[in-house]
Structures are given as C-alpha cells and as structure tokens.
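First the structure, in the form of structure tokens, and then the observations on it.
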C-alpha cells in the first residue's frame, strides 16, 4: 500500500513545496527549480503509476472527513494509473524543456507565479485522476480549469492571450456546471459521494435518465476534450500559452476529457444504449474532419497543432464510440479491441503532440515567429530540432513504422470489423465514419508535409528566421524523450497492446489480446489457441519467420475475421522497420557502387536566371494549402474583408492585396446563432430596466409573491 | 473535332523530308550572297553593304562575304549594276569561333553519338527582336517537326544538352545567360542563332548590348541569317550532334592549311 500511497503523497508535497520555494528564490533561478521539481514529480508519478499498472491490487486511500459531506477518497486503479502514466510522460519532457525556454519571459512576466501555477496544475491533474468521490473530483477539476486558464493568460499583456483565456474559461465553466449538476444528481440518488456507490446505484437508472446523464456529461467532458461543437477555444488558447504549457494542454488536459468520458460511461453509469455509441462515433468523426481541415489551411505553427489535436482526439473518440456500439451489440472482443486501440492512440497523440508543441516552441524561440510564411531554411541552422520535429511530423502523419501508423491503422481496422454487426444502418454509419477517418488521415499528411517543409526547408523567409540558432541542450532533451517514445511505441505494439488490454480488462470484461496479437511466436502453449488450418494459411505468407529468433509475443498485429468473413489483416511495424532499414541500406550501397566513378559538381539551385532569388519568390505555406482551401470552400466559406489596389499613375496596377476572413464552421453554425439569440433576449430584457425605482420595488414584490405562491402550491 | 480528324487524314503528312531528302518547296530560305570573283564591281559592292559583311578578298577582284554580319538585305542584288551571285540553300551552320577546350572543326564541337537521337534544347532569348525566336518556334510546327529527329525543347537547363541563344546578348541578359550555362550538366554545347548572336548584328556592339554570344560563352555552332530560316536552324542542330557536316562561315571558304593537306 505504501508503495503507492507514499509516492503519491510525495508528488503533492513536492509540487506544493516547489510552488512555495519559487517565491523565495530569485526570479532567474525559477526555471531550473521548475525543471527539477517538475521532473522529479513526473518521475515519481511514472514510478507510482507503473507500479500500479503492473500490480493487480487497486490502491485505495481515505483522506480527511468533512462534516456534513463525508470522507474524501482517492483511488488508483488501472485506468487512473494509465492516465497518470501518460500525463507524467508529457510533464517530464515539458519540465526539462522549460529550463531554457522560460528565459524568454525573464524580466517581462513573473516566473515565480508561472512556477507555482505549473506545479500546482500537475498536482491538480494527478488529483483529478485519482479522485474517487464526486466532491474531490469536481474541486480538482475546477482547480485544473482555473490553473490552466492562468497559464494560458500568462502573457497577460497580449490581448489575444487574455481573450483566448476568457473563452477557454467560459467554455470550461459551462462544461463544469453541466458535470456538477449530473454528478451531484447521481450522488444524491446514491446517497453517497463515493464513485463506487454511484456505480452501484447506476443499475436502477431509467433509460431516459441514462440518456440525459450520457448527453450532459459527454458535453461537459467534451468541452475539455475539444470535441465539435465545443472545440473553438482550443485553436485560440493552445497557441496563446507558452510552448511547455501548450504541450500539457494538448497532451494531458485533452486526455482528462477522455478520462471523464471513459470513467463516466464505462464505469459509473455504463452506457448500454446503441444510440449513445453512434453519437460518440459521429461526433468523433466530425471532430476529426473539422480539425484536420482547419489544421491543413492554418499557417501558424501552434494554431495548426491545436487544430490537429482536435483531429486526433476525434480519432480516439471514434474508437470509443465504436467500442460502445460493439458493447451494445454484445460483441465484447471487438469492444475490447476498440477501447484498447483508442487508448493506444490517445497515448500516441500525447507523445507526438508534446514533441511537436515543444518543437514549435523551440522554433518560436529561435526564429521569433510561428508563422510558416516567415520561417524556412531552419534545417541548416537547427538540424537537431529539425530531425526531432520530423520524427513527430512523420508519427502524426501515420507513417510506418512510427506510432501514429499503428494506432490509426488499428482504428480503421476496428471500423472495418463492423462487418460483424447484425444491423445494416449501423454498418452504413461505420462505413461513412471509416471513409471520413481515411480522408482525415490523408489530409493529415498534407498538413504536416506543409508544416515541416515550410518551416525547415527552402530559404529563410525573414531575416529573423535566417539568424536562428540551434536550440539549447535542455530543449533538445525535452524533445528527444517523446521522440524516442514515438519510435518505441511504433516498433513494439505487440508488447503494448496486451499490456493495455490487461489494464482495460476490468472495463471490457474481455480479452482482446488474442484477437489482436496472435501468439504465433510465443512458444507452444499459444499455438493451441488457433486451429491448425488457420496457422497453415499463415505459413504461406511467412508469418512464422523469426519464431525462434525474436522474444516475446508475435510480431504481427492481426485482425482475424470471423468464420462468416475469414478476412485476415496483418501487419508488423517491427518487420516493416527492419525491411525499410535494409532496403534503404541496400539502395544506398547500390547507388554508391553505380556512381563510384562519377564526379559531383555542386552548383547553386536553378532560379530561372534571376539576378537574386528572393524569399518572396519561393513557394509559400498559403500557396501549398490552397488546393485544400479551394476544394473545401463550402466548409471554410471565406469572406473578402478588404481589397486594396496599389497603383502607379492611377492606371498601372502593381499589386492587389486581398484580405480573407474565415469564421470557424463551428462558430458560424453553432455559436453565432446562440450568441444572436442571447443578445436579442438580452435586448428584450433590457426594456425592463428603465431606471425607475418604484418599478424595481414592484419587481421585487412580484417575485416574492411568485415564490410564496410556488411554495404554497408545492 | 471530327472535321479536324478528316481534314488531317485528307491533308496527309506534309512534313519536310529534310535531311533524308532534299527540300524542294519554294521560299523556304531567303538565301545568302556568294563571294568570289566580281571583276570591276568590287568597290561598289563593298560600298553597298550596310553591315560591312562584304570585303575585298586577298585575290585581286574578289569578294569575301562574312555571313556573321550579313542581314540579307538584298542591296547587293537589287541595287547593284553587277548583282552578286545568290545562294538559295540553307545549310549554313558553321563551327564555332571559340571553344572551351578544343579547337573548332574537330570532333569536340559535337555532342557524342549517344545524343544522336535524343537532344534537349533550352532556348534563351538574349535580347533578340523576336524574328529569330519566331523561326525557332517554327521548328515545333508540323512542317518542320524537329521531334522526328530527336530534338526536344525543355524549360529547365538541368535537362538541357544544347543552349540555343538568339539575340546580341544585352547587358541585362548576360547574367541569366551565364547562369543558364552554369546550370547545365556537361557535356553541353552552345548554338548561336542569327546575325545578332554571331556579331551583334544591327544592334551591337553598343553600350547596352554585346557583340554576340562568343563574348560571353564558347560557341560551338554558328547559324548565320537574319533571321535564319527554320531549316538552317535544324541544320545547326544536326551539326551539333554530328549528323550533318558544317558549312563555312565565310564565302568563299578560307583555305585552311589542313584542308590543303587532306
């Protein structure tokens, strides 16, 4: 017990002490303090969560008792431990990254408060994940919301930061109120604040109540997860925050929304309705599509990453939705696969998004801008940053053998398994969602080709970008940790999938590992689980290669169809990586041998013979993404805000400057109508306020009478 | 659309048979004056030439025509009491004046046999009036159709084997021309087309333009004419790949020591 309890207490003690200590030491020492304390707390969290993941016991602890409310509880079960582990994996590199990154704020903004908010944010995140009663959960959730607002608004002198922070806070509070109402309602019904009591009492809920609970909590948690249509705070708040905070916002806080959805719909009030699963599935697909469409046309590096976060959380949500649908159809193995895959993608997203946000921070720090149209040529000036960013870009574009490929491939495969669902309309929904997801994944490649090419390749498009220097070592270490994890998560899915399966075993009540990872190479006991004829089919394609060479479970990730549709999908990132490396090596050797007698002349790139090639003449980020903008014009709906013509002697037009304005589709279709209705309502109500005191007294009397009448009636 | 097809079939192939057979159609070339013995008319003919292309030869009463300068204005034919003899042909392309590594006239001026049927050409307009460029353009039309001989135009010097220059090389085009030459992979050859590209022509040399391409780049093949007809340019291209023998840039051809020994 103390193996978990003590380190957990230590994390909170460490964060609290670090936050206090920051105010006592000079400002310039604060980044180092933050890095040390943050990394230590993250390492402790990693150790604790790792221990909890591998032990079968669930840690349970009682905190103090509050009179009239009850005892507060914490608990670290497998699900919590998984999320704590993922959060710590994000906080560790961003803390290390902060050492040198925060120096840019020295003297302009208070680093002491940053240090305090940052460490307390981590503590509140851990507290959310281990909270086991409604009150502690809601308190921690609110603390997290406010602390993340304070960090987004850290550069409070910038107008956009303040505005983004307010929007984030407003939308977050809206979600919080929805959550609080439902959770308190459930708690009142159960007669206890404890999650386990809520779970026990949920069995007696009526179908209507279940639907209400599902919809309201899905909305409440969806705000934090950034699902359509409550996602518009993300592309504003994430880029406004400092890069290390953006990484945490994207890599951890979005996961908290998913954690809430899972905790609510799989544990507390298990969803049994088919419709709920379909809603989650469709919302996920739309989020993914909207996210990537806006990401691929965005030119600001960090805003683009925030849009891409919406996309990735959408993909995770698709996995969750598929799992819920499969559960409703009593297909437990498929449901288990879907949940495992969703969790896998969530962890992958945390890793590469941390890497990319930190990379964008390093670029911003070196070049002084995040606008891709002002960057360029950084690969020669900061090669290590470029390489690490490339790893992240490849991973997020789902390029094998990196981690994004594994989870996105598996998500698509999971959707294809809808063939086993007995209902045709649901099959059609799955097919459409699969198609939407495939489009999303394809557009993600465009998006990140542009991000990498425009920022790191070509010519520097501004003098500041041309004068950038390689990022300091602490930044590179901060980026290297998630980069290495991206590669590892990509190469070892056969080890990670059974682990995730074991963790989620309690939720799904089914083992997906044998369906996902066949025990082909695991030695003789495994072989018995598969029919001989099925195995024989695999010998033809060489799946038995390496049976005695490689340790552990098999290296082929596989989807095996049922007897009705014996389709087999198999892939192995490990083999793929080995073959890729081999092929690249062989090609390189052949090319070297063929060109051994060739002399190489190095000449300047062909520029069309112009006197001097100017950066303005090269391909721009706007130009690169223009096809997407044109094809999806119906979604973007740009309006032309200004049209200024530059002329010489009245008639010779030298340039036309056209300004386009785009309102995000969610703002346009969902929020602006609500806003206009609210404003009209307010204008109507304003008529009541005419300033005459007698009338106000009359209003007071009337309302008093109304309350009394109601009290008498009820 | 269908009419085009029918018309095309009815018209049949009209492409010239040059160089496999002689071209017999009238008016394919404006022609050039021929040098040689002109008895007493030498002085008046020299005076008639506006571009000083005609000069008295070493042999008494003979004329030498420098095709680098001739703009075939016909003054030496129509305005003269003793008109000059006129060459109606077009196979005028001659070896270059100056070359990077080898002497003109040797095999070094040609692209190797590997290029015989696949040559990519980049055209650089180094300040020409549009006439030469217009004739170059004709090479791509159905009548001259240089593709049948394995010549292709390319917009990038990275793919080009031959740099075809028209115009006297103005100051503004000198750098782009050099950059284009630099950007081409070896082996590469330069063809100068037109009197302007060979000697500066009617424009140069002046304060804005040079006296031809040879001032900037080593020229491998010279195609005289003002402008040269498409067939002459085609002949120049064939000379550059060694599929036709070059002519002399002057008329009559100078007697070279090696020519006498051969």
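Residue numbers (my numbering), protein chains in the order written: chain A, 24 to 737; chain B, 4 to 265. Even glycine gets a Cβ: it sits at the ideal position worked out from N, Cα and C.
Paired residues, beta bridge with residue i - DSSP
i: residue 65(B); result: 40(B)
i: residue 742(A); result: There is simply no residue 742(A) to check, as chain A begins at 24 and stops at 737 in what is shown.
i: residue 89(B); result: 36(B)
i: residue 224(B); result: 98(B), 194(B)
i: residue 3(B); result: Shown here, chain B extends from 4 to 265; a query on residue 3(B) therefore has no answer.
i: residue 457(A); result: DSSP output for residue 457(A) lists no bridge partner at all.
Closer than 8 angstroms to chain A by CB, residue i
i: residue 85(B); result: no
i: residue 225(B); result: no
i: residue 191(B); result: no
i: residue 249(B); result: no
i: residue 161(B); result: yes
i: residue 103(B); result: With a pLDDT of 43 at residue 103(B), under the threshold of 50, the modelled position of that residue is not reliable, and the figure given next carries that caveat. No, residue 103(B) lies away from the interface with chain A (no Cβ there is under 8 angstroms from its Cβ).
i: residue 186(B); result: yes
i: residue 55(B); result: no
i: residue 179(B); result: yes
i: residue 173(B); result: no
i: residue 13(B); result: no
i: residue 139(B); result: no
i: residue 182(B); result: yes
Classification of residue i by the beta-carbon crowding that lies within 10 angstroms, buried from 16 upward
i: residue 225(B); result: buried
i: residue 48(A); result: exposed
i: residue 719(A); result: exposed
i: residue 596(A); result: buried
i: residue 71(A); result: buried
i: residue 273(A); result: buried
i: residue 257(B); result: exposed
i: residue 695(A); result: exposed
i: residue 264(A); result: buried
i: residue 673(A); result: exposed
i: residue 3(A); result: The structure shown does not extend to residue 3(A), since chain A is modelled only from 24 to 737, so the question has no answer here.
i: residue 199(B); result: buried
i: residue 287(A); result: buried
i: residue 727(A); result: exposed
C-beta contact flag for residue i and residue j at 8 angstroms
i: residue 37(B); j: residue 90(B); result: yes
i: residue 367(A); j: residue 430(A); result: yes
i: residue 402(A); j: residue 480(A); result: yes
i: residue 303(A); j: residue 354(A); result: no
i: residue 115(B); j: residue 190(B); result: yes
i: residue 64(B); j: residue 41(B); result: yes
i: residue 463(A); j: residue 311(A); result: yes
i: residue 396(A); j: residue 335(A); result: no
i: residue 400(A); j: residue 488(A); result: yes
i: residue 121(B); j: residue 173(B); result: no
i: residue 108(A); j: residue 125(A); result: no
Of the listed residues the options, nearest to residue i (C-alpha basis)
i: residue 118(A); options: 56(A), 686(A), 96(A), 467(A); result: 56(A)
i: residue 28(A); options: 285(A), 675(A), 393(A), 98(A); result: 98(A)
i: residue 77(B); options: 69(B), 33(B), 6(B), 67(B); result: 33(B)
i: residue 176(A); options: 704(A), 45(A), 266(A); result: 266(A)
i: residue 123(B); options: 157(B), 130(B), 117(B); result: 157(B)
i: residue 220(B); options: 232(B), 193(B), 237(B); result: 193(B)
i: residue 19(B); options: 47(B), 143(B), 96(B); result: 143(B)
i: residue 294(A); options: 243(A), 519(A), 350(A); result: 350(A)
i: residue 2(B); options: 171(B), 96(B), 152(B); result: With chain B represented from 4 up to 265, any question about residue 2(B) goes unanswered, as that position is not in the structure.
i: residue 490(A); options: 716(A), 729(A), 251(A), 405(A); result: 405(A)
i: residue 446(A); options: 352(A), 501(A), 415(A); result: 352(A)
i: residue 148(A); options: 160(A), 137(A), 139(A), 393(A); result: 160(A)
heavy atom of the ligand SAH below 7 angstroms from residue i C-beta
i: residue 729(A); result: Summarising the ligand content, the structure contains no ligands, and the ligand SAH is consequently not present.
Below-8 angstroms beta-carbon distance, residue i vs any chain B residue
i: residue 620(A); result: no
i: residue 393(A); result: no
i: residue 626(A); result: yes
i: residue 481(A); result: no
i: residue 632(A); result: yes
i: residue 70(A); result: no
i: residue 629(A); result: yes
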